[in-house]
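> Chain order of the listed sequences is A and B.
The numbers in our numbering rise by one with no breaks, and the one at position 28 of the first sequence is 28.
The numbers in our numbering rise by one with no breaks, and the one at position 41 of the second sequence is 41.
Glycine is no exception: its CB is placed at the ideal position from the N, C-alpha and C atoms.
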Amino acid sequence: GAVVSQHPSRVICKSGTSVKIECRSLDFQATTMFWYRQFPKQSLMLMATSNEGSKATYEQGVEKDKFLINHASLTLSTLTVTSAHPEDSSFYICSASDVPVAFFGQGTRLTVV
Amino acid sequence: DAKTTQPPSMDCAEGRAANLPCNHSTISGNEYVYWYRQIHSQGPQYIIHGLKNNETNEMASLIITEDRKSSTLILPHATLRDTAVYYCIVRSRNQAGTALIFGKGTTLSVSS
Chain A
1 GAVVSQHPSR
11 VICKSGTSVK
21 IECRSLDFQA
31 TTMFWYRQFP
41 KQSLMLMATS
51 NEGSKATYEQ
61 GVEKDKFLIN
71 HASLTLSTLT
81 VTSAHPEDSS
91 FYICSASDVP
101 VAFFGQGTRL
111 TVV
Chain B
1 DAKTTQPPSM
11 DCAEGRAANL
21 PCNHSTISGN
31 EYVYWYRQIH
41 SQGPQYIIHG
51 LKNNETNEMA
61 SLIITEDRKS
71 STLILPHATL
81 RDTAVYYCIV
91 RSRNQAGTAL
101 IFGKGTTLSV
111 SS
């Protein structure tokens, strides 16, 4: 099946710094990608929809100034967690659709210390 | 999208078939049933999807009842590596470009 690659797989950063996570669709083009967050023992929660060439759409309660999304090409979306704090520690997952199937990246484990 | 109901957990012996049920009694005619699984600390993995006919691929079989109100994912010979959370999601093809919304899924534990 189609492949979505996410990088890095895990990152540890200091409180107050910013972290960038990349999501690439390797063998198909995606005008739309999605970012999810997952806390321990919980299901995936949709954070935002990344749109190529336009602004991202954020779910209610997700701060757009904290979670910056850039979708500069049809195969790459980036999520930047700005001024990270320990409560931002989570598992972040991206997704892209090769219609009619959605494929997911491997996930990024972010730990803010 | 129609709501789905799955048991929170199931156990299966290694080598036996794992049958995971999903109830989607409010499914509409143009909605597909999708199954994904998430192994610990990994992103969700696509398994299979179907509309009304039974489907089979190298990973699993999907059995959809004639009234389409429920379905069963079958892993014919479960292995320890099949231990994961399995998600049943219903979505119309028209929404294929929109985000999948995940419920709590079924935690399948395969033991030797």
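Using beta carbons (cut-off 8 Å, strictly below), is residue 46/A in contact with chain B?
Mapped onto the first sequence, residue 46/A falls at position 46. It does; some Cβ of chain B falls within 8 Å.
> Taking the beta carbon of residue 153/A as the centre, do at least 16 other beta carbons fall within 10 Å, making it buried, or is it exposed?
As shown, chain A starts at 1 and ends at 113. That puts residue 153/A outside it, with no answer to give.
> For a contact meaning CB atoms closer than 8 Å, what does residue 52/B contact in chain A?
Translated into positions along the second sequence, residue 52/B becomes position 52. Within chain A, no residue comes near residue 52/B; the closest Cβ sits about 15 Å away, beyond 8 Å.
> Is there at least one Cβ from chain A nearer than 8 Å to residue 104/B's Cβ?
Here residue 104/B is taken as the residue at index 104 of the second sequence, counted from 1. For residue 104/B, the answer is yes, since a Cβ of chain A falls inside 8 Å of its Cβ.
> Are the Cβ atoms of residue 73/B and residue 80/B separated by less than 8 Å?
Along the second sequence, read from residue 1 onward, the residue named residue 73/B stands at position 73. Along the second sequence, read from residue 1 onward, the residue named residue 80/B stands at position 80. No; because the gap between Cβ atoms is not below 8 Å, this pair is not in contact.
> State yes or no: is the beta carbon of residue 42/B nearer than 8 Å to at least one beta carbon in chain A?
Counting from one through the second sequence, the residue named residue 42/B turns up at place 42. So, interface residue.
> When you compare only the Cα positions, how much space is there between residue 13/A and residue 89/A?
For this step, residue 13/A is matched to residue 13 along the first sequence. For this step, residue 89/A is matched to residue 89 along the first sequence. Residue 13/A and residue 89/A: Cα-Cα distance of roughly 10 Å.
> Could you pull the start and end residues of the beta strand (DSSP E) that residue 75/B belongs to?
As a position in the second sequence, residue 75/B is number 75, starting the count at 1. Its beta strand (DSSP E) spans residues 70–75.
> Rounded to the nearest angstrom, what separates residue 21/A and residue 70/A at their Cα positions?
Position 21 of the first sequence, counted from the start, is the residue given in the question as residue 21/A. Position 70 of the first sequence, counted from the start, is the residue given in the question as residue 70/A. C-alpha separation (whole angstroms): 10 Å.
> In chain order, what residues of the same chain have a beta carbon less than 8 Å from the beta carbon of residue 16/B, not counting five sequence neighbours either side?
For this step, residue 16/B is matched to residue 16 along the second sequence. The answer, listed in chain order, is 77 and 78.
> Suppose the cutoff is 7 Å on Cβ atoms and the five residues either side in sequence are ignored; what does the same chain contact list for residue 68/B look like?
As a working note, residue 68/B is residue 68 in the second sequence. So the qualifying residues of the chain are 27 and 52.
> If we define contact as Cβ-Cβ less than 8 Å, is residue 28/A a contact residue for chain B?
The sequence position of residue 28/A within the first sequence is 28, counting from 1. No, residue 28/A lies away from the interface with chain B (no Cβ there is under 8 Å from its Cβ).
> Kindly indicate the opening and closing residues of the beta strand (DSSP E) around residue 31/B.
Here residue 31/B refers to the residue found at position 31 when the second sequence is read from its first residue. Here the beta strand (DSSP E) through residue 31/B covers 31–38.
> Would you kindly work out how many angstroms separate the C-alpha atoms of residue 65/A and residue 43/B, rounded to a whole number?
What you label residue 65/A is simply residue 65 of the first sequence in a count that begins at 1. What you label residue 43/B is simply residue 43 of the second sequence in a count that begins at 1. Taking the straight line joining both Cα atoms gives about 25 Å.
> Run down chain B in chain order and give the residues with a C-beta less than 8 Å from the C-beta of residue 100/A.
If you number the first sequence from 1, residue 100/A lands on position 100. Per Cβ cutoff of 8 Å: 32, 49, 93 and 96.
> My understanding is that residue 13/B touches residue 109/B, with C-beta atoms under 8 Å, so please give their C-beta distance in whole angstroms.
Translated into the one-based positions of the second sequence, residue 13/B becomes position 13. Translated into the one-based positions of the second sequence, residue 109/B becomes position 109. Incorrect: roughly 10 Å between the Cβ atoms, too far for contact.
> Using three-state DSSP, classify residue 87/A as helix, strand or coil.
Numbered from its first residue, the first sequence carries residue 87/A at position 87. Helix at residue 87/A.
> Considering only DSSP beta bridges, list what residue 57/A is partnered with.
On the first sequence, residue 57/A is found 57 positions in, with the first residue counted as 1. In DSSP, residue 57/A forms a bridge with 49/A.
> Taking the continuous beta strand (DSSP E) assigned at residue 110/A, which residues delimit it?
Counting from 1 along the first sequence, the entry for residue 110/A is found at position 110. 108–112 is the span of the beta strand (DSSP E), which, as asked, contains residue 110/A.
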